[in-house]
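Undergrad:
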Amino acid sequence: AKRAPPVLCVAACELLGAPREAALPAAVALEMLHAASLVHDDLPCFDAAPTRRGRPSTHAAYGTDMAVLAGDALFPLAYTHVIAHTPSPDPVPHAVLLRVLGELARAVGSTGMAAGQFLDLAGATALGEAEVMKVLTKKFGEMAECSAACGAMLGGAGPDEEAALRRYGRTIGVLYQLVDDIRSASGNGKMRSNASVLRALGMDRALGIVEELKAQAKMEADRFGDKYGERVLPLYSFVDYAVERGFELQDAATTP
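Numbering (the working numbering), first residue to last: 33 to 288.
1. Expressed to the nearest angstrom, what Euclidean distance is found between the alpha-carbon atoms of Ser-120 and Arg-231?
2. Does the Cβ-Cβ distance between Leu-75 and Pro-38 come in under 8 Å?
3. For the alpha helix (DSSP H) containing Gly-134, list its first residue and its last residue.
4. Give me the residue from Asp-97, Tyr-94 and Ser-179 with the minimum Cα distance to Leu-65.
5. Does the contact criterion of 3 or more C-beta pairs under 8 Å hold for the region 180-192 versus the region 44-57?
6. Decide yes or no for the touch test of the region 193-204 against the region 67-87: beta carbon pairs closer than 8 Å, at least 3 of them.
7. Taking DSSP as the reference, what is the three-state secondary structure of Pro-82?
8. Quick one: what's got a C-beta closer than 7 Å to Leu-109's C-beta in the same chain, skipping five residues either side?
9. Could you check if Cys-182 is buried or exposed, using at least 16 other CB atoms within 10 Å of its CB as the buried criterion?
10. Below 8 Å between beta carbons: does that hold for Asp-254 and Val-229?
11. Kindly indicate which three-state DSSP category Arg-255 falls into: helix, strand or coil?
12. Mark His-91 as exposed unless 16 or more other C-beta atoms lie within 10 angstroms of its C-beta, in which case mark it buried.
13. For Asp-79 and Glu-252, what's the separation of their Cα atoms in angstroms?
14. Alpha carbon to alpha carbon, how far is Ala-154 from Glu-244? Give it in angstroms, no decimals.
15. For the region 140-150 and the region 163-176, state whether three or more C-beta atom pairs, one from each stretch, are separated by less than 8 Å.
16. Look at the Cβ atom of Val-211, then the Cβ atom of Val-242, and state whether they are nearer than 8 Å.
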């Protein structure tokens, strides 16, 4: 989901006809928050990942202590950036800026990504489908919902438009997370032993949920087609890119 949160934020804002400059500070903040979560996610106490995006992960390059501090520093820096650089009160009213800050905090806090990490760790050995979907929602669905919601707020969305973009963002986030889990858990089509999501769902069911999420996200995007025309196209592109980036899902299910 590299750079998905900031791009989703800008796309939602531009969909509504607002200038991207209104959303860019929040988009940068979303990238900071996402990067911070990945730095922490790679730590030895979580995924113990030696690499990230083809390069040594932060803890591998600079040590665990520096990685913890780097992630910690990025969180407040994100909020500072939004406050310092959002064009407010024109075109972004102060009340909207406060809502955006609250949305960012919600997405990463005890009801967002932090909750997802906890649920993933606590339920790693016994997850049913409902629990799996909750973990996926908390781990990245909340962040993607936040991204779309921030873009909606900064773009001047009405209540119904904001609600639809929230649903779209959350669905896209769960789709991204599930696809990432399938990709991470699949080696030549075989599930690794530590893939709790795939153990709980099974590959066939996981692929079925991917198709359901794709349809749901496109249904939410359909709501904007008549009013906004071609400006809705990036929302459809997000859906396809979420699945197609880097691997073929069907190969993961069928390769012996």
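Note that beta-carbon positions come from the ideal geometry of N, C-alpha and C, so glycine has one too.
TA: This is what the structure gives:
1. 48 Å
2. no
3. 126-140
4. Ser-179
5. yes
6. no
7. coil
8. Met-64
9. buried
10. no
11. coil
12. buried
13. 33 Å
14. 27 Å
15. yes
16. yes
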